[in-house]
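Have a look at the structure below before the remarks.
There are 2 protein chains.
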Amino acid sequence: MNHYIAISRRLRQTPFTAGVEAAGVKAYTVYNRMLLPAVFDTMEEDYRHLKTHVQVWDVAVERQVELNGPDATRLMQMLTPRDLSQIKADQCFYVPITDENGGMLNDPVALQLSDTRWWISIADSDLLFWIKGLAQGAGLDVAVFEPDVSPLAVQGPKAETLMARLFGEEVRKIGFFRYRRMAFGDTSFIVARSGYSRQGGFEIYVEDSAHGMPLWDALFEAGADLDVRAGCPNLIERIEGGLLSYGNDMTLENTPLECGLGKFMGKNADHDFVGRTALETEKTNGIARQIRPIAVSGAALAPARAPWPLFVGEQPVGQITSAVWSPDFQTNVAIGMVDAGHWDAGTQLHVKTPDGLRAATIQAQFWL
Amino acid sequence: MNHYIAISRRLRQTPFTAGVEAAGVKAYTVYNRMLLPAVFDTMEEDYRHLKTHVQVWDVAVERQVELNGPDATRLMQMLTPRDLSQIKADQCFYVPITDENGGMLNDPVALQLSDTRWWISIADSDLLFWIKGLAQGAGLDVAVFEPDVSPLAVQGPKAETLMARLFGEEVRKIGFFRYRRMAFGDTSFIVARSGYSRQGGFEIYVEDSAHGMPLWDALFEAGADLDVRAGCPNLIERIEGGLLSYGNDMTLENTPLECGLGKFMGKNADHDFVGRTALETEKTNGIARQIRPIAVSGAALAPARAPWPLFVGEQPVGQITSAVWSPDFQTNVAIGMVDAGHWDAGTQLHVKTPDGLRAATIQAQFWL
Numbered sequence: 001m002n003h004y005i006a007i008s009r010r011l012r013q014t015p016f017t018a019g020v021e022a023a024g025v026k027a028y029t030v031y032n033r034m035l036l037p038a039v040f041d042t043m044e045e046d047y048r049h050l051k052t053h054v055q056v057w058d059v060a061v062e063r064q065v066e067l068n069g070p071d072a073t074r075l076m077q078m079l080t081p082r083d084l085s086q087i088k089a090d091q092c093f094y095v096p097i098t099d100e101n102g103g104m105l106n107d108p109v110a111l112q113l114s115d116t117r118w119w120i121s122i123a124d125s126d127l128l129f130w131i132k133g134l135a136q137g138a139g140l141d142v143a144v145f146e147p148d149v150s151p152l153a154v155q156g157p158k159a160e161t162l163m164a165r166l167f168g169e170e171v172r173k174i175g176f177f178r179y180r181r182m183a184f185g186d187t188s189f190i191v192a193r194s195g196y197s198r199q200g201g202f203e204i205y206v207e208d209s210a211h212g213m214p215l216w217d218a219l220f221e222a223g224a225d226l227d228v229r230a231g232c233p234n235l236i237e238r239i240e241g242g243l244l245s246y247g248n249d250m251t252l253e254n255t256p257l258e259c260g261l262g263k264f265m266g267k268n269a270d271h272d273f274v275g276r277t278a279l280e281t282e283k284t285n286g287i288a289r290q291i292r293p294i295a296v297s298g299a300a301l302a303p304a305r306a307p308w309p310l311f312v313g314e315q316p317v318g319q320i321t322s323a324v325w326s327p328d329f330q331t332n333v334a335i336g337m338v339d340a341g342h343w344d345a346g347t348q349l350h351v352k353t354p355d356g357l358r359a360a361t362i363q364a365q366f367w368l
Numbered sequence: 001m002n003h004y005i006a007i008s009r010r011l012r013q014t015p016f017t018a019g020v021e022a023a024g025v026k027a028y029t030v031y032n033r034m035l036l037p038a039v040f041d042t043m044e045e046d047y048r049h050l051k052t053h054v055q056v057w058d059v060a061v062e063r064q065v066e067l068n069g070p071d072a073t074r075l076m077q078m079l080t081p082r083d084l085s086q087i088k089a090d091q092c093f094y095v096p097i098t099d100e101n102g103g104m105l106n107d108p109v110a111l112q113l114s115d116t117r118w119w120i121s122i123a124d125s126d127l128l129f130w131i132k133g134l135a136q137g138a139g140l141d142v143a144v145f146e147p148d149v150s151p152l153a154v155q156g157p158k159a160e161t162l163m164a165r166l167f168g169e170e171v172r173k174i175g176f177f178r179y180r181r182m183a184f185g186d187t188s189f190i191v192a193r194s195g196y197s198r199q200g201g202f203e204i205y206v207e208d209s210a211h212g213m214p215l216w217d218a219l220f221e222a223g224a225d226l227d228v229r230a231g232c233p234n235l236i237e238r239i240e241g242g243l244l245s246y247g248n249d250m251t252l253e254n255t256p257l258e259c260g261l262g263k264f265m266g267k268n269a270d271h272d273f274v275g276r277t278a279l280e281t282e283k284t285n286g287i288a289r290q291i292r293p294i295a296v297s298g299a300a301l302a303p304a305r306a307p308w309p310l311f312v313g314e315q316p317v318g319q320i321t322s323a324v325w326s327p328d329f330q331t332n333v334a335i336g337m338v339d340a341g342h343w344d345a346g347t348q349l350h351v352k353t354p355d356g357l358r359a360a361t362i363q364a365q366f367w368l
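Just so you know, the protein sequences line up as chains A and B, in that order. The first sequence begins at 1 in the working numbering and counts up by one. The second sequence begins at 1 in the working numbering and counts up by one.
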């Protein structure tokens, strides 16, 4: 990291920024025009601690989009190939969102709060604008806005222990990608077993920014003996675990099928959604490229700042979109988009990195 | 600036990033999910140089949205209160974009390239998503996408001299907020007399990223004796000059009337646009708050990172949204949103800054 960040109001602070800065955040990234912590100690120390103890993450950047009104569910179903009639009342539903060409606009998690009310917890794009535009253009009877709701994540092997101290033993009963409303002080929050790591944990949907720092402080107080620390999504851990990042590993140029999200499209979708024709055509014609785990040989590489092109000889066959050195697996771990015919496990390619050409091998699975 | 920026593909590089980094950029901000240089030498040195010589600015973050198809002009007119029938063939048209509540979605500049083709040069929000959604919802016959077009700005008192060396004397004939297509090597670019400073200059719309660095290098070669340097929009100069910043001085919570953009709404608009009803109601009922230049007393303050609340006694009456110390005017210059009844020039308020309470005075005009 060689450059400072110039912060202004436009890069929004969160309800937890005071806590994050008191904890000594060293680097930020920007996500949904909001500050997202990126490093506290070093990326490697943060990684080791996340895999061993418990961390509290300011993920308020997962901005919420609320759909509220008689047409909310109809609009929600227009947005995604996923069949929403299958959603359970307490379920966090991962919903790829596609444009008219089948391109990925976002890959958020949706919660149905009632027949007429949804929250969508978004990745890094102004999905609010797409949904507002669509509703306006189609003349739907629904309000679409960003409510004052900021997720705070508790992640790591000791996350459940810490959460039980704060919210009671009942928190242990929450299933994966399920949620419950739990009491906190004189209010209550939706608590979900979810989060952007493979170490287990929860996300708390903090309604009303004023509750942010009291919750932050309560978690640190309750977890002092667990070595609880401020943390953040960790680049090494998320690549090892195969957690895709919108804007890094997929963009509007990619379809859900290319991103390995075909399972979230009904085999014979009987609901209409934006992009359906394009995606059905792609299914028929075959998928041109797909996301794959890739190992890159040689010494430790600095994190990828821009795509690294993949080659077979002189022929371009895709690109690596996220890459970093893994201390635990002693290789450079990477995620890339690889052309058809070259994506089978074991395939040997070359990748052009800032440190020169390296051997790259398609993996059968992520480093789990 | 106390924090580093963690860069990944998600924070996109531009066609000029190689030049920017070779020139020694020290700090970035993020704008439209893309890297925008913020400081090269120091903010004060950059400011002095901008007001004296000529700078080349990577403003590729002004991403383009192209509307292309039979319904392009109809869609464009739906987006804005401004009457587009008044646009001249060579005009850069500043167009506030409003949602159904009259809230500002963006404040871009539009160019009409033909009857069926527009470019919109956007401020910091995914306006692409709003326009795509609206077109999709309304079933319009138009393609909406981000073309490979990246603006490069040449700003400062010597900008015209430098531009004439590269593009010929004809460049001097371009009027303010007008454009011409000018030859460069074996291609041509749209060149406009515009830019985000009050020092005069041009913006070059670079079509095809591959032309980016050759143009950058040609400008530095032609301007060596003019002390041409890499620069960027300068916080001090833009506040002095009253150049508003979307995301800082106005957000979706504000209307064009609050932002002093009423002049861009026809007195009796006879075209329909999204938000018309809300804005006509606001006009009838009166405007609740407006943007004002504000001087803040006392010693130099660090740039505002978040809004600073304004008070009369204990009563909140608005907020300062951008602020910094001005070396030329020897005061803290600021932009704020001030409630009705408190916005007249000369009004004395107080503002809560990170350095404590300061006197704040509404100015009659910006520091021009």
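We put the beta carbon where it would ideally sit given N, CA and C, even for glycine.
Neighbour flag for residue i against chain A, beta carbons, 7 Å
i, result
"B/Ser209", "no"
"B/Ala159", "no"
"B/Tyr196", "no"
"B/Tyr4", "yes"
"B/Val109", "no"
"B/Phe177", "no"
Residue i at chain B interface by Cβ criterion, 7 Å
i, result
"A/Leu215", "no"
"A/Trp343", "no"
"A/Ala222", "no"
"A/Pro309", "no"
"A/Ile272", "According to the sequence provided, residue 272 of chain A is Asp. The question's Ile does not apply to it. A/Asp272 does not count as touching chain B."
"A/Arg305", "yes"
"A/Tyr28", "yes"
"A/Asp148", "no"
Segment limits, alpha helix (DSSP H) that includes residue i
i, result
"A/Asn285", "276-285"
"B/Ile131", "127-138"
"B/Gly369", "Here chain B covers residues 1 to 368 and nothing more, so residue 369 of chain B does not appear."
"A/Arg165", "159-167"
Bridge-paired residues (DSSP) for residue i
i, result
"A/Trp57", "A/Ala153, A/Gly231"
"B/Arg180", "B/Val191"
"B/Asn68", "B/Arg117, B/Ala143"
"B/Glu203", "B/Ala153, B/Ala192"
"B/Ile320", "B/Trp308, B/Gly336"
"A/Tyr47", "DSSP lists no partner for A/Tyr47."
"B/Val30", "B/Leu35"
"A/Phe93", "A/Ala110"
Residue i: first and last residue of the uninterrupted beta strand (DSSP E) it sits in
i, result
"A/Trp308", "308-312"
"B/Met250", "B/Met250 -> no beta strand (DSSP E), and no H or E assigned at all."
"A/Met337", "331-339"
"B/Met265", "Where B/Met265 is concerned, there is no enclosing beta strand (DSSP E), given that its DSSP letter is neither H nor E."
"A/Pro37", "34-39"
"A/Leu105", "104-106"
"A/Ala295", "289-296"
Three-state class that DSSP yields for residue i in the structure shown
i, result
"B/Gln348", "strand"
"A/Ser326", "strand"
"B/Leu357", "strand"
"B/Arg198", "coil"
"B/Leu219", "helix"
"A/Gln372", "Chain A is shown only over 1 to 368; residue 372 of chain A falls outside these bounds and no answer can be derived."
"A/Val171", "helix"
"B/Ala210", "helix"
"A/Leu226", "helix"
Residue i vs residue j beta-carbon contact at 7 Å
i, j, result
"B/Glu203", "B/Ser194", "yes"
"B/Met104", "B/Met265", "no"
"A/Asp124", "A/Tyr246", "yes"
"A/Asn101", "A/Ile122", "no"
"B/Ser326", "B/Pro15", "no"
"B/Ala143", "B/Asn68", "yes"
"B/Pro108", "B/Leu261", "no"
"B/Pro293", "B/Phe366", "yes"
"B/Tyr179", "B/Asp90", "yes"
"B/Val54", "B/Lys158", "yes"
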